[in-house]
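One structure is given here, and the rest of the page talks about it.
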Amino acid sequence: MKKILVLLSSISIFSTTSSFVVSCGDESTTEKIALGTIITELNLGELAKDSSNTSVNRPSKETIYNKLAELHNEKWSEKNISFKLEDFEIPEKEWNDKNASITALESSNYKGKVLVSYSTK
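If you read the sequence shown in the UniProt record's numbering, its first letter stands for residue 1, the second for the next number, and so on.
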């Protein structure tokens, strides 16, 4: 009986002095950045309407992105933010001649929505 107690106490001492790591799940989980923290200029001013689509009186997604990049270039450069055209979408029902709801794609490093306003030429 005494030998068993000595054995058990030596095992418990060994287990408390050693350590190990068990990892489960996705190893490369990164925190997504909220669009509202990188897009702070919400009034884009006057934008040209999309000339390739005559059925709507609104700017193209590229025109909106280019204006966002122009307004936020300095801030994005300082913070190493690489927000690209492929990181967001603008749902049809939330896009007209006065505003657009920019929605981050699941596949991007961003999350959330931002409503920007503009006028069209």
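Glycine included, each C-beta is placed from N, C-alpha and C at the ideal position.
Over the uninterrupted beta strand (DSSP E) stretch that includes residue i, give me the two end residues.
i: S117; result: 113-120
Is it buried or exposed for residue i, if we count other Cβ within 10 angstroms and need 16 for buried?
i: P59; result: buried
i: A48; result: exposed
i: K67; result: buried
i: L115; result: exposed
i: A104; result: buried
i: L85; result: exposed
Which residue wins for smallest C-alpha separation from residue i, given the options the options?
i: A100; options: I33, N73, T54, K113; result: K113
i: T54; options: D97, A104, I102; result: D97
i: residue 162; options: K32, K61, S51, V56; result: In the structure as shown, the chain begins at 1 and stops at 121. Residue 162 is therefore absent and cannot be evaluated.
i: T120; options: E106, W76, E78, E46; result: E46
Only counting the same chain, and skipping five residues up and downstream in sequence, which positions put a Cβ closer than 6 angstroms to that of residue i?
i: S108; result: D87
Which partner residues does residue i have in the DSSP bridge list?
i: F88; result: A104
i: I38; result: DSSP, once it has assigned bridges, lists no residue as partnering I38.
i: E46; result: S119
Between residue i and chain B, is any beta-carbon pair separated by less than 8 angstroms?
i: N53; result: The structure shown contains no chain B, having only a single protein chain.
Would you give the residue range spanned by the alpha helix (DSSP H) that residue i belongs to?
i: S77; result: 61-78
Quick one: what's got a C-beta closer than 8 angstroms to residue i's C-beta in the same chain, skipping five residues either side?
i: G36; result: G112, V114
i: T30; result: N109
i: Y118; result: N43, L44, G45, E46, L47, P59, I64, K67, K98, N99, A100
Run the proximity test for residue i: is its beta-carbon closer than 7 angstroms to any non-hydrogen atom belonging to the ligand SAM?
i: E106; result: Looking for the ligand SAM in the displayed structure turns up nothing, as the structure carries no ligands at all.
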